[in-house]
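Sequential numbering from 0 applies to the sequence shown in numbering that gives the first Met the number 0.
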Amino acid sequence: MNPISRIVVVGLGYVGLPLAVGLAKRFQVTGFDLDRSRIDELAAGKDRTGEIDGPVLKAAKLAVTADASAIGGADVYIITVPTPVDEANHPDLGAVAAASRTVGKAVRRGGIVVLESTVYPGVTEDIVGPAIEQVSGLVSGRDFFLGYSPERINPGDREHTVERITKVVAGQTPEVAKALGDMYGAINGGNVFLARDIRTAEAAKVIENAQRDINIAFINEVTMIFNKMGLSVHEVLAAARTKWNFLPFAPGLVGGHCISVDPYYLAEAATRLRHHPEIILAGRRINDEMAGYIAGQIGRALTARKAGASDILVLGLAFKENVPDLRNTKVIDVVRDLEARGHKVDVHDPIVDPEAARHEYGQTVLPALPADRRYDAVVMAVAHHSFAGLPAGGLARIAAPGAFVFDIKGLWRGAAMPADCTYLTL
Ligand SMILES: NC(=O)c1ccc[n+]([C@@H]2O[C@H](COP(=O)([O-])OP(=O)(O)OC[C@H]3O[C@@H](n4cnc5c(N)ncnc54)[C@H](O)[C@@H]3O)[C@@H](O)[C@H]2O)c1
């Protein structure tokens, strides 16, 4: 196995860009993306995902290109493209297959191709390998080699970065696994776990996310039960968490590109093997119901107080706190449900790109808190840092006298509310 020096990262999104920037500290790295506007922005030192700061990006020794003819002959290709589901929640491996064909045209004899996208066990060897073989005329495992290394970073998480987390790595042969382990280890202090084989590494990643989904679903289910009992789940959790082995999950909306999607990949693989995945799909169902449940709680409280339409301000549209990421955000489902109940809903999010929200969902987003309107209800939907201090100042300026404050995330539990506002949480 030749020493690794030239690396190409295919797909420069939330995962690919931080990885490419990290690897570029030790290797000669080219980042390739189909999206020319993304490449132009990156070349100008702008990362719209907010993961890499401008000065870091500008200082990185990273070449970026949208030209597939510029990525030939590298030692390693790393594929980090999206793995969404279709309308019927079946895995859509279109981007993985397309990226594999691109790599097939570029890979040289002896090259290694690593998939980092989250998939079900078998995708690297049964889909990526054959797609590359077909285009390149080379043979997988003889002329070029496969690897899999799941990505574990979270959008917006500056603590668990590619350079600080254990990297699970697998290769088609022990030599490939070792070479890849050394490559990833070069940027994270050798913090590498060599999985037994590629399928094992693929399986490890998909259960990490399915496990989170199921745990959150359990808390969401008990939220519904406790609400019927007149109990606040946040208060119950505060007590339960004092036990040393109680798992600290919280109720809420489950969106994004990973947790709300990946369990369907595992479910599909199970179904093909004629195993009906009970708990995995139950978790998905409960978490998908949460937007309707929350909108129902809000809607009922509003109409119990005042017949007809209310003015509502929803705080936060991103799928999670402190990121501009709108993919599969479930807040939009809450907004639509409230609108369908006849209410007028404004949305404020200081982080998301209003243009992206319009393009993705046809939703207008107010980048600043409205200065001249007061609302019958304020819904705290996403716990962005900038919302934490609102009860101490801005809330009184946006909540009408007697307004409801619905704190979905429990961010403001214990904070003093403006006079006559009714505070409700899950
Ligand atoms: N977002 C996360 O935090 C996260 C964490 C762990 C794992 N993952 C997994 O990593 C993978 C990538 O996710 P992401 O969040 O980085 O996606 P993303 O949408 O942010 O980025 C993907 C990039 O790939 C590009 N692309 C799509 N098809 C391409 C092709 N054929 N050739 C070249 N470029 C192409 C897109 O233009 C985009 O810039 C997914 O499988 C995801 O499940 C994501």
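Glycine included, every Cβ here is placed at the ideal spot set by N, Cα and C. All values derive from a computational prediction rather than experimental measurement.
Using 10 angstroms around the beta-carbon of residue i, count the other beta-carbons present and answer buried if the total reaches 16, otherwise exposed.
{"i": "Gln133", "result": "exposed"}
{"i": "Arg283", "result": "buried"}
{"i": "Gly315", "result": "buried"}
{"i": "Trp411", "result": "buried"}
{"i": "Arg35", "result": "exposed"}
{"i": "Gly307", "result": "exposed"}
{"i": "Met228", "result": "exposed"}
{"i": "Gly341", "result": "exposed"}
{"i": "Lys166", "result": "buried"}
{"i": "Ser259", "result": "buried"}
{"i": "Ser99", "result": "buried"}
{"i": "Pro390", "result": "buried"}
{"i": "Phe192", "result": "exposed"}
{"i": "Val55", "result": "exposed"}
Starting from the C-beta of residue i, find all residues in its chain whose C-beta is less than 6 Å away, skip the five residues before and the five after it, and write them out in chain order.
{"i": "Met0", "result": "Glu174 and Ala178"}
{"i": "Asn88", "result": "Tyr263"}
{"i": "Lys204", "result": "Thr117 and Pro149"}
{"i": "Ala303", "result": "none"}
{"i": "Gly110", "result": "Phe143"}
{"i": "Gly53", "result": "Gly44"}
{"i": "Ser135", "result": "Gly103 and Val106"}
{"i": "Arg299", "result": "none"}
{"i": "Tyr422", "result": "Val404 and Met416"}
Please go through the same chain and pick out, in chain order, the residues whose beta-carbon is closer than 7 Å to the beta-carbon of residue i, but skip the five residues on each side of it.
{"i": "Ala402", "result": "Tyr374, Asp375, Ala376, Val377 and Cys420"}
{"i": "Gly255", "result": "Phe318, Lys319, Asp324, Arg326 and Asn327"}
{"i": "Val14", "result": "Thr79, Glu115, Glu150 and Ile152"}
{"i": "Arg37", "result": "Leu11"}
{"i": "Ala96", "result": "Ile126 and Ala130"}
{"i": "Leu368", "result": "His347, Gly393 and Ile397"}
{"i": "Pro417", "result": "Leu394, Ala395 and Ala398"}
Taking the alpha-carbon positions, what's the residue i to residue j distance?
{"i": "Ala290", "j": "Tyr360", "result": "16 Å"}
{"i": "Asp336", "j": "Glu267", "result": "29 Å"}
{"i": "Arg357", "j": "Thr363", "result": "6 Å"}
{"i": "Pro250", "j": "Ile218", "result": "5 Å"}
{"i": "Arg195", "j": "Val232", "result": "41 Å"}
{"i": "Cys257", "j": "Glu124", "result": "22 Å"}
{"i": "Lys408", "j": "Phe248", "result": "12 Å"}
{"i": "Thr29", "j": "Pro17", "result": "13 Å"}
{"i": "Gln210", "j": "His383", "result": "25 Å"}
{"i": "Ile397", "j": "Asp66", "result": "49 Å"}
{"i": "Thr222", "j": "Glu234", "result": "11 Å"}
{"i": "Pro366", "j": "Arg47", "result": "16 Å"}
{"i": "Ile126", "j": "Lys24", "result": "31 Å"}
{"i": "Glu162", "j": "Gln296", "result": "42 Å"}
{"i": "Asp32", "j": "Ala294", "result": "38 Å"}
{"i": "Lys305", "j": "Ala58", "result": "57 Å"}
{"i": "Ala19", "j": "Ile197", "result": "22 Å"}
{"i": "Ile285", "j": "Pro276", "result": "14 Å"}
{"i": "Asn279", "j": "Lys242", "result": "Here the sequence assigns Ile to residue 279, which means Asn is not the residue at that position. Rounded to the nearest angstrom, the two C-alpha atoms are 26 Å apart."}
{"i": "Lys343", "j": "Ala73", "result": "55 Å"}
{"i": "Thr244", "j": "Thr64", "result": "The amino acid occupying residue 244 in the given sequence is Asn; Thr does not appear at that position. Taking the straight line from one Cα to the other gives about 48 Å."}
{"i": "Val313", "j": "Ile51", "result": "28 Å"}
{"i": "Ala395", "j": "Leu425", "result": "22 Å"}
{"i": "Leu183", "j": "Leu22", "result": "Going by the sequence as given, residue 183 is Tyr instead of Leu. Straight-line Cα distance between these residues: approximately 8 Å."}
{"i": "Ala414", "j": "Leu236", "result": "18 Å"}
{"i": "Leu265", "j": "Ile206", "result": "8 Å"}
{"i": "Arg271", "j": "Pro83", "result": "18 Å"}
{"i": "Gly71", "j": "Asp212", "result": "39 Å"}
{"i": "Gly388", "j": "Ser68", "result": "51 Å"}
{"i": "Thr172", "j": "Gly128", "result": "14 Å"}
Once you ignore the five residues that flank residue i on each side, which residues in its own chain have a CB closer than 8 Å to its CB?
{"i": "Ala399", "result": "Asp310, Arg373, Tyr374 and Asp375"}
{"i": "Arg108", "result": "Leu137, Asp142 and Phe143"}
{"i": "Ile164", "result": "Arg151, Ile152, Asn187 and Asn190"}
{"i": "Thr199", "result": "Pro120 and Ala169"}
{"i": "Asp39", "result": "none"}
{"i": "Ala380", "result": "Leu252, Val313, Leu314, Gly315, Leu316, Val330, Val333, Ile407 and Lys408"}
{"i": "Phe26", "result": "Ile3, Ser4, Arg5, Ile6, Met182 and Ala185"}
Step through the CB atoms of chain B and report whether any lies within less than 8 Å of the CB of residue i.
{"i": "Phe225", "result": "Checking the listed chains, one finds no chain B in this structure; it contains a single protein chain."}
What are the uninterrupted segments assigned as alpha helix (DSSP H) that are 4 or more residues long and contained completely in the segment 16–67, given in chain order?
If you keep only unbroken alpha helix (DSSP H) runs of at least 4 residues inside the segment 16–67, you get 35–42 and 53–58.
Please specify which runs of the alpha helix (DSSP H), each continuous and at least 4 residues long, are wholly inside the segment 259–347, giving them in chain order.
For the segment 259–347, whole alpha helix (DSSP H) runs of length 4 or above, ordered along the chain, are 261–271, 277–304 and 330–339.
Whole beta strand (DSSP E) elements within the segment 139–191, 3-residue minimum
The segment 139–191 contains these whole beta strand (DSSP E) runs: 144–147 and 166–170.
For the structure I just gave you, are there three or more beta carbon pairs, one from the segment 5–13 and one from the segment 70–82, closer than 8 Å?
The segment 5–13 and the segment 70–82 touch, with no fewer than 3 CB-CB distances between them shorter than 8 Å.
Could you tell me which whole beta strand (DSSP E) segments of length 3 or greater appear in the segment 87–124?
If we require 3 residues or more, the beta strand (DSSP E) runs fully inside the segment 87–124 come out as 111–114.
Which runs of the alpha helix (DSSP H) spanning at least 4 residues fall entirely within the segment 383–424, listed in chain order?
Complete alpha helix (DSSP H) runs here, min 4: 394–397.
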